Every structure is written in C-alpha cells, then in structure tokens.
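In this note's numbering, the protein residues as written are 91 to 200.
The C-beta atom is built at its ideal place from N, Cα and C for all residues, glycine as well.
Just so you know, these numbers come straight off a predicted model, no measurement behind them.
Structure, rendered in structure tokens:
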C-alpha cells in the first residue's frame with residue numbers, strides 16, 4: 091500500500107504539545123495521523139522535540155499559538171518590550187510600531 095500523502099501544514103506549538111502528550115499517553119501513530127493529518131516522520135520529530143518544546147513554553151511569550159520556537163537573541167530587551175506592551179494593554183492604549191521602536195531606543199540608551 092503506498093504511503094498516504096497529507097497536505098503540508100504548519101502545526102502550532104500548542105498542537106505539537108498536544109500530540110506529544112497523546113504519544114506519551116499511549117495513542118497510536120495511526121490514530122494521531124488520522125486525527126491531525128500528519129505523517130509518521132512528523133510524529134517522530136514531535137516526539138523527539140517534546141522536551142525542548144516544554145522548556146520553551148515555560149518561558150513568557152505573547153501567544154501560545156506560535157508556529158515555531160526559537161532562541162531569543164536579546165532576552166533582556168524582549169522582556170522590557172513585553173512589559174511595555176502589557177502596561178499598554180492594561181490602560182487600553184494601542185501599541186504601534188512607532189511606539190515599539192521608540193521604546194527599543196529608550197531601553198537601548200539606558
């Protein structure tokens with residue numbers, strides 16, 4: 091029987107964590123392939139990368155619907171910008187690109 095081909099799609103971090111949880115919970119690859127429309131190789135990669143994903147998810151981020159996880163080049167700057175965005179959201183102030191750029195320059199010059 092020829093291998094099934096699925097339409098290529100990018101899974102979010104939440105979807106990958108859900109798949110990893112189901113793999114460790116005893117779900118079969120066949121069940122997961124049918125449920126998520128992904129191949130065996132993708133399942134193996136998710137199983138292998140699950141510890142890295144769990145570590146990254148424990149770090150603060152704006153959205154859990156991220157499509158990828160990468161190491162921050164400037165973690166201090168990102169933390170300050172996240173704090174700035176959170177404060178703006180609390181007072182219902184829109185966050186524009188210009189406001190973010192100004193904040194980056196402000197943080198850089200301190």
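Distance, residue j Cα to residue i Cα
i	j	result
residue 194	residue 171	7 Å
residue 81	residue 199	This structure does not reach residue 81, given that the chain is present from 91 up to 200, and the question cannot be answered.
residue 105	residue 117	15 Å
Proximal residues to residue i (C-beta, below 6 Å), its chain only, five neighbours per side dropped
i	result
residue 110	136 and 140
residue 55	The question about residue 55 has no answer, for the chain in this structure spans 91 to 200.
residue 173	none
Selection from the options that minimises the alpha carbon distance to residue i
i	options	result
residue 107	116, 127 and 147	147
Anticipated Cβ contact below 8 Å, residue i with residue j, distance rounded
i	j	result
residue 175	residue 185	5 Å
Contact check, residue i vs residue j, beta carbons under 8 Å
i	j	result
residue 133	residue 143	no
Other residues of its chain near residue i: CB distance less than 8 Å, five sequence neighbours each side excluded
i	result
residue 130	119 and 123
residue 114	140
residue 179	185
Chain-order list of residues whose beta-carbon lies under 7 Å from that of residue i (same chain, five-residue window excluded)
i	result
residue 190	171
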